[in-house]
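The block underneath contains the structure these notes are about, expressed in structure tokens.
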Amino acid sequence: MNVLLGFLAGAVLWTFGEYTIHRFAFHEARGRNYGSKEHLRHHARRDYTLWNNWPAWLGVLAVGLGLWRWAAHDLLGLSWPAAWAVGAGWVVAYAHYEWLHMACHLWAPRTRYGAFVRRHHFHHHFGEPLRNHGVTTPFWDVAFGTYTPVERVVVPRRMAMRWLLDDAGEVRPELRSSYEVRGRAPLVEDEELQRAFANEAPVLA
Ligand SMILES: [Zn+2]
Ligand SMILES: [Zn+2]
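So in my numbering, the last one in the sequence shown is 1606, and the numbering has no gaps at all.
As structure tokens, this is what we get:
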């Protein structure tokens, strides 16, 4: 029982990490650290790349299986199995986040949750980069007042996810109630980077 609760606590702790790291360490740092640079480059690109995220994996493993496991055992007095479970919950929830974020960029939604997560995240990309920081859950956005409910996302055509468009370059019919693409401007990498590093949304020209 304690092992299960520990695992769940670790997973919930990750969702808090997901929000705070993304908001403060990546966006509000405006490129002043490695993770921030890599993340803001992700905002400036059309295609999703499994960006050099081995440092993120190392950090997540070290914090989960080192720091949180130690804190759960030594500070909170949990048994070793329960303390390991906290670390494991953190790591597994992180892996789920990485997978879901990639899925948002690469594949069309298939469930209501998948559709919600994509609207939430793509509003962050193309509407307001300083809002909707959570990817797996909007909970911490609601708690910290950065939640914008999203019915419809307007996407600059030059940055549109490939799953969004048909062969003619228009939004697939089944996705038109949630997405619109605008503009014909080509992607100029330097300009996109400048805006991304200033936390400005891409222009819709
Ligand atoms: Zn993204
Ligand atoms: Zn972001």
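Ideal placement from N, C-alpha and C gives every residue a C-beta, glycine not left out.
Compute the Euclidean distance between the alpha carbons of Gly1546 and His1526, then round it to the nearest angstrom. When only Cα atoms are considered, Gly1546 and His1526 end up about 18 Å apart.
Can we count His1443 as close to ligand 1, meaning its CB is less than 7 Å from some heavy atom? Inclusion of His1443 in the 7 Å shell around ligand 1 follows from its C-beta lying nearer than that to a non-hydrogen atom of the ligand.
When DSSP labels each residue in this structure, what does Val1582 get in the three-state scheme? For Val1582, the three-state secondary structure derived from DSSP is strand.
Would DSSP call Leu1566 helix, strand or coil? Three-state result, Leu1566: strand.
Distance, Cα to Cα, Glu1581 vs Glu1575? If I take the Cα positions, the gap works out to 12 Å.
Using 7 Å as the cut-off, classify the Cβ of Phe1598 as near or not near the heavy atoms of ligand 2, replying yes or no. Between ligand 2 and the CB of Phe1598, the shortest heavy atom gap is not smaller than 7 Å.
Paired residues, beta bridge with Pro1557 - DSSP: Residue pairing by DSSP places Pro1557 opposite Arg1583 in a beta bridge.
Which of the three DSSP states, helix, strand or coil, is assigned to Val1413? In this structure, Val1413 counts as helix in the three-state DSSP scheme.
Using a Cβ distance threshold of 8 Å, determine whether the stretch 1529–1542 contacts the stretch 1562–1570, with at least three qualifying pairs required. The answer is no - the stretch 1562–1570 does not touch the stretch 1529–1542, with fewer than three Cβ pairs under 8 Å.
Is the separation between the beta-carbon of Ser1579 and that of Arg1558 shorter than 8 Å? No; because the gap between Cβ atoms is not below 8 Å, this pair is not in contact.
Find the nearest neighbour of Ala1606 within the set Val1555, His1474 and His1502, judged by alpha-carbon distance. Of Val1555, His1474 and His1502, the residue nearest in Cα terms is Val1555.
Looking at the strands, I want to know which residues DSSP matches up with Val1572. Listed as beta-bridge partners of Val1572 by DSSP are Leu1566.
Buried or exposed: where does Met1503 fall if 16 or more other Cβ atoms within 10 Å of its Cβ makes it buried? With fewer than 16 other beta carbons inside 10 angstroms of its own, Met1503 counts as exposed.
For Glu1419, I'd like the list of residues in its chain whose CB is within less than 7 Å of its CB, leaving aside the five on either flank, ordered along the chain. Closer than 7 Å at the Cβ level, and outside the excluded window around Glu1419, lie Tyr1498, Gly1535, Val1536 and Thr1537.
Under 8 Å by Cβ, that's how I've got Ala1486 and Phe1408 pegged, so tell me the actual separation to the nearest angstrom. Rounded, the Cβ-Cβ distance is 4 Å, consistent with contact.
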